[in-house]
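Here's the structure we're looking at; comments come further down.
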Amino acid sequence: MKQTFLFLFLLLLPIAANAEDSGKCGESVFYSYDKETQSLNIFGEGPMWSYDVFDNFATVPWPNSVQKVNIEPGVTSIGSGAFINCHDLISLTIPNSITIIDDYAFKLCTSLSSLILPDSINEIGFQAFYGCSALISVLSLNNNSPLAYSQSFEGVDKNKCLLLIPEGSMTAYKKSSTWSLFNNIKEDISGDVNLDGEVNKTDLSTLTTYIMGKAVENINEYMADINKDQKINAVDVVTLIDNISLRQTDIKPFFSVEWVPYLEGADVVALSCKLNNDSKNDIRPDRKSV
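Residue numbers (the numbering used here): 19 to 308.
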């Protein structure tokens with residue numbers, strides 16, 4: 019009886035006893051693990067292997083203490099059980115080549131607070147994000163809601179977690195028996211930094227305040243990175259002004275030629291512009307990072 023219990027316990031372990039720093043995790047997919055930063059990089063071509071611990075397909079070769087996972091373009095699926103019980107996982111990058119997130123892939127990743135699903139995702143497996151109780155935002159970029167199962171997001175607080183979807187795709191997500199369980203669904207409107215469903219001067223104020231390093235409420239960092247260069251800086255302010263001017267007729271167009279750069283050496287550290295040609299409304303947001 020004790021031997022049977024020990025066997026079952028070992029079977030359910032999500033990691034190998036001797037985790038390797040690098041190796042294969044698919045026929046043409048490889049991984050490298052940095053112990054110092056607890057970061058995992060997955061790269062190559064094609065699908066990952068399945069690590070369904072319940073069927074003992076294979077033993078996961080990286081430790082479940084991994085904190086950051088970066089999957090590079092070219093990988094087409096995230097294997098079953100690949101990151102089950104990775105309680106310390108806080109950062110996840112999924113490329114636009116992934117089409118399937120398999121069963122149990124991120125089950126019980128209890129520290130993961132945000133998730134971006136690229137538009138290439140077609141299917142999210144059974145219990146793929148089961149028990150991810152820290153999730154407060156999910157951004158799904160597929161206009162047609164990906165196939166998801168009843169327990170794909172079981173254990174996620176669907177009253178608290180914000181589901182962001184592409185503009186014009188609300189009907190598709192509401193028709194899904196899984197996605198419709200989220201009670202806070204908003205369309206991803208470019209420039210809606212504070213997620214109030216509108217793009218206006220309030221978003222501009224929120225963004226500039228954030229860039230200047232001051233505390234702000236109701237800002238979504240993905241939405242704040244308006245030009246999607248993975249940096250939140252004065253360039254995003256320029257883009258936001260453009261978005262506002264195109265949406266609202268009471269604001270004159272202000273494109274980049276009307277912005278005055280402030281330089282430190284060769285680097286642009288701030289921008290200045292005038293709203294409605296009123297010098298009292300000058301905006302000079304210091305760049306947070308470039």
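Ideal Cβ positions, reconstructed from N, Cα and C, are used throughout, including at glycine. Note that the coordinates shown come from a computational prediction; the quantities given were computed from them, not determined experimentally.
Is the separation between the beta-carbon of residue i and that of residue j shorter than 8 Å?
i: D206; j: E185; result: yes
i: V211; j: M241; result: yes
i: D122; j: Q85; result: The residue you asked about is not Asp; residue 122 is Tyr in the sequence shown. No. Outside cutoff.
i: P136; j: T94; result: no
i: G92; j: S115; result: yes
i: V255; j: T226; result: yes
i: L181; j: S158; result: yes
i: T2; j: C150; result: Not covered by the structure: residue 2. The range shown for the chain is 19 to 308.
i: I262; j: L199; result: no
i: I203; j: T224; result: no
i: A166; j: L130; result: no
i: V113; j: I134; result: Residue identity differs from the one stated: residue 113 is Pro in this sequence, not Val. No, the Cβ-Cβ distance between P113 and I134 is not below 8 Å.
So, with DSSP's three-state summary, where would you put residue i?
i: N261; result: helix
i: D210; result: coil
i: F171; result: coil
i: T111; result: strand
i: A242; result: helix
i: L199; result: helix
i: A166; result: strand
i: V84; result: coil
i: V156; result: strand
i: I237; result: coil
i: A252; result: helix
i: I322; result: Outside the modelled stretch of the chain, which goes from 19 to 308, sits residue 322, for which no answer is possible.
i: S274; result: At S274, the pLDDT of 38 sits below 50, so the modelled position is not reliable; the number obtained from the coordinates is stated separately. Helix.
i: I116; result: coil
i: I102; result: coil
i: N177; result: coil
Could you say which of the options lies nearest to residue i if we only look at CA atoms?
i: I96; options: W67, Y49, N82; result: W67
i: P81; options: I203, S50, I119, S132; result: S50
i: S194; options: F61, P164, L133, N177; result: P164
i: N103; options: Y69, I89, N161, I118; result: Y69
i: K219; options: T196, D260, F171, L182; result: D260
i: N177; options: Y167, G44, N162, W197; result: W197
i: V87; options: E172, T77, T111; result: T111
i: S155; options: T55, E239, G62, K53; result: E239
i: G44; options: I229, S138, N201, A100; result: A100
i: Q56; options: V47, H105, E90, D221; result: H105
i: N162; options: N140, D120, T226; result: N140
i: V47; options: K204, A166, K53, I60; result: I60
i: D120; options: P79, L153, S132, Q169; result: Q169
i: I229; options: V253, D52, G209; result: V253
i: T77; options: K232, S98, S138, N251; result: S98
Looking at the unbroken beta strand (DSSP E) that takes in residue i, where does it start and where does it end?
i: K204; result: 203 to 206
i: L58; result: 57 to 62
i: Y69; result: Run containing Y69: none; DSSP gives neither H nor E here.
i: Y49; result: 47 to 52
i: P184; result: 180 to 184
i: L13; result: Nothing in the structure corresponds to residue 13, since the chain is present only between 19 and 308.
i: I96; result: 93 to 96
i: G41; result: 40 to 42
Kindly indicate the opening and closing residues of the alpha helix (DSSP H) around residue i.
i: I229; result: 219 to 229
i: T77; result: Careful: T77 lies outside any alpha helix (DSSP H) and carries neither H nor E.
i: K193; result: 188 to 193
i: Y122; result: No alpha helix (DSSP H) holds Y122; DSSP gives it neither H nor E.
Subject >> Meets three-Cβ-pair contact criterion under 8 Å: the segment 234 to 251 and the segment 186 to 197 >> reply: no
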